[in-house]
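Asks: Protein chains in written order, with my numbering: chain A, 1 to 268; chain B, 269 to 430. Here a beta-carbon is modelled for each residue, glycine too, at the ideal position from N, C-alpha and C. Remember, it's a predicted structure, so these values are computed and weren't measured experimentally.
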Amino acid sequence: MNESKIKLSDKEEELLIGHFDGELSLFQNFLAKRLLQSNPLAREYFGSLKEVAASLRSFKADINVNNKVDLWDRIERRIDQEERAEFFLGTRDTARSELPTSNWFGQFVNKSVFGGMTVGLATAAVAFVALDNRTESTPNISLGNSVAVINEASQARFSPFVNSDHNVANQVEYASFSDSSAYQSLAQKKVSSNNGFRNQKDLRTLKRMEIPFKVDWMRSDGQVSFIQDPRRGSTVIWVNKGSQNPSRPIVLEAEPKLVTSPLDSSPE
Amino acid sequence: MLKSFIKFIFCASPLIFIIGVSNIFADDNSVFISVRAIQASRVTTNQVNQAGHKVLREISPEIVDIKGKLRKLNYNSFNLIGSENKIVPINTKESFTLSDGQKVTLRPVSKKDGKVCLWINWKDQNGMNLLDTRLHFSGPETMITGTDATPESGMILAIDVK
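(1) How many whole angstroms separate the CB atoms of A305/B and L366/B, which I take to be in contact at a CB cut-off of 8 Å?
(2) Ignore the nearest five residues each way along the sequence and tell me which others in E12/A's own chain have a CB closer than 7 Å to its CB.
(3) Using a Cβ cut-off of 8 Å (strictly closer), state whether K241/A contacts chain B.
(4) Look up F300/B in the DSSP assignment and give the residues it is bridged to.
(5) Going along chain B in order, which residues have a C-beta closer than 8 Å to the C-beta of I227/A?
(6) Kindly list, in the order they appear in chain A, the residues whose Cβ is closer than 7 Å to that of R402/B.
(7) Helix, strand or coil for A121/A per DSSP?
(8) Please list, in chain order, all residues of the same chain as S351/B whose beta carbon is under 8 Å from its beta carbon, the five residues on each side excluded.
(9) Mind pulling the chain B residues with CB within less than 8 Å of D221/A?
(10) So, are the CB atoms of S233/B and F226/A less than 8 Å apart?
(11) Counting only beta-carbon atoms, is S421/B nearer than 8 Å to chain A?
(12) For H404/B, which beta-bridge partners are listed by DSSP?
(13) Helix, strand or coil for T138/A, going by three-state DSSP, please let me know.
(14) Closest by CA to N344/B, which one among E326/B, G336/B and P357/B?
(15) Please compile the residues from chain A whose C-beta is within a distance smaller than 7 Å of the C-beta of K380/B.
(16) Just the Cα atoms here: how many angstroms apart are G18/A and F46/A?
(17) Excluding sequence positions up to five away, which residues of its chain have a Cβ less than 8 Å from the Cβ of G422/B?
(18) Taking 8 Å as the threshold (C-beta atoms), are L26/A and A270/A in contact?
(19) Taking the continuous alpha helix (DSSP H) assigned at G414/B, which residues delimit it?
(20) Determine the direct distance from the alpha carbon of C385/B to that of H228/B, and round the result to whole angstroms.
(21) Candidates K380/B, I388/B and E420/B: which alpha carbon is nearest K430/B's?
(22) Of all the CB atoms in chain B, is at least one closer than 8 Å to the CB of E76/A?
(23) Helix, strand or coil for V311/B, going by three-state DSSP, please let me know.
(24) Using the C-alpha atoms, what's the distance from T410/B back to R77/A?
(25) Taking the straight line between their C-alpha atoms, what separation do you get for I424/B and R375/B?
Okay, here's the thing in structure tokens:
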């Protein structure tokens with residue numbers, strides 16, 4: 001028996017699929033119809049295509065019916081849970097557990113990965129030191145690149161400009177809030193302290209933050225916080241009226257001359 | 269015929285030049301500013317959604333576009349209490365007075381290639397300087413700033429600049 005009678009060739013299958021999808025030319029459609037008329041296997045194959053399409057349609061309809069729930073609400077609750085878990089249990093680490101470690105290849109991969117990570121960290125450290133030296137000579141504040149720049153600026157560069165008093169710089173703080181007050185107290189990070197960046201984890205966290213606008217300068221009679229969600233590239237500027245400090249109204253200042261001159265509170 | 273055409277071109281060229289130049293700079297002469305005032309508060313709700321879960325936050329439908337940013341704040345109810353849209357020429361002050369007497373004064377300093385420099389001054393009803401800053405917006409981003417009005421409520425401003 002000829003094999004073509006037992007099984008359709010690839011070309012015939014492609015022809016039938018194209019005919020089913022309506023993608024064929026007039027002549028190819030004619031060939032497909034003739035094949036369907038002459039070959040029972042072709043009719044069977046075409047029937048199976050119809051069945052698959054019908055089952056897919058019903059499956060899709062089923063999904064649409066079952067998915068009429070507030071997905072955003074679910075996502076929001078999941079994010080909250082993850083944030084709480086991160087603070088109480090630490091950062092979720094899944095990548096390491098997925099690496100094979102039992103065999104020789106796994107150990108080799110692990111060594112390669114960790115070797116690469118070590119080199120990457122060393123490169124990042126060198127780059128950070130180089131960038132840090134470079135930004136020290138820059139007079140302007142750029143919040144758009146990294147929040148760490150602000151913090152270092154407020155600590156290392158603003159202090160001599162603004163005043164010898166560190167309280168001015170300390171008014172800038174970064175915080176992350178959520179619903180629970182207990183969580184809030186844990187989550188609130190006063191990064192801009194007199195000690196500066198001692199904690200590399202804080203530094204990394206702040207480097208992930210992105211402020212979508214650049215600030216030339218900023219001043220307030222209250223205490224200003226930048227509230228940042230590390231997962232989102234956005235920042236909220238929050239002013240605490242309760243902790244106002246009229247004698248030290250300047251929070252961020254880029255240009256020393258503006259500090260020493262009387263400040264006009266209204267836009268010019 | 270040719271002589272009159274040349275004469276026409278000669279006379280019209282300054283006008284064409286002025287119109288062309290003004291068209292080039294017309295877009296950079298003014299800034300669209302939208303200010304939305306939002307009252308935030310901490311309230312306990314017993315509402316449940318379609319899935320039967322308790323609603324964590326109440327947010328006015330007019331401010332759902334900044335829902336992701338508002339969720340970072342320690343409030344669970346956000347209501348739009350006022351909004352105003354204005355087209356403000358560069359270097360012109362425009363004041364927005366909020367319902368409780370607070371005053372927001374904005375002045376677009378410059379606009380170039382879609383980047384806007386904006387001076388923002390926000391004073392509360394007692395004249396306290398809540399925020400006085402100059403920012404550079406590099407794209408269509410909503411700036412959120414806020415302050416605590418009472419221990420259980422706050423006032424939030426969402427400022428859009430185009």
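Replies: The answer reads as follows:
(1) 5 Å
(2) L35 and A42
(3) yes
(4) I355/B
(5) K340 and L341
(6) D216 and W217
(7) Here residue 121/A turns out to be Leu, not Ala, going by the sequence shown. Helix at L121/A.
(8) S302, V303, R304, A305 and E330
(9) M396, N397 and L398
(10) As shown, chain B starts at 269 and ends at 430. That puts residue 233/B outside it, with no answer to give.
(11) no
(12) K214/A and C385/B
(13) Residue placement at T138/A is flagged as unreliable, the pLDDT there being 35, under the threshold of 50; a coordinate-derived value is accordingly withheld.
(14) E326/B
(15) Going along chain A, no residue has its Cβ under 7 Å from K380/B, so there is no contact; the nearest lies around 14 Å.
(16) 11 Å
(17) Q307, A308, S309, L341, Y343, G414, T415 and D416
(18) Summary: the structure shown does not reach residue 270/A, with chain A confined to residues 1 through 268, and so no result is reported for it.
(19) Looking at the DSSP string, G414/B is not in any alpha helix (DSSP H); the run it does join, the beta strand (DSSP E), is M411 to T418.
(20) Shown here, chain B extends from 269 to 430; a query on residue 228/B therefore has no answer.
(21) K380/B
(22) yes
(23) coil
(24) 24 Å
(25) 19 Å
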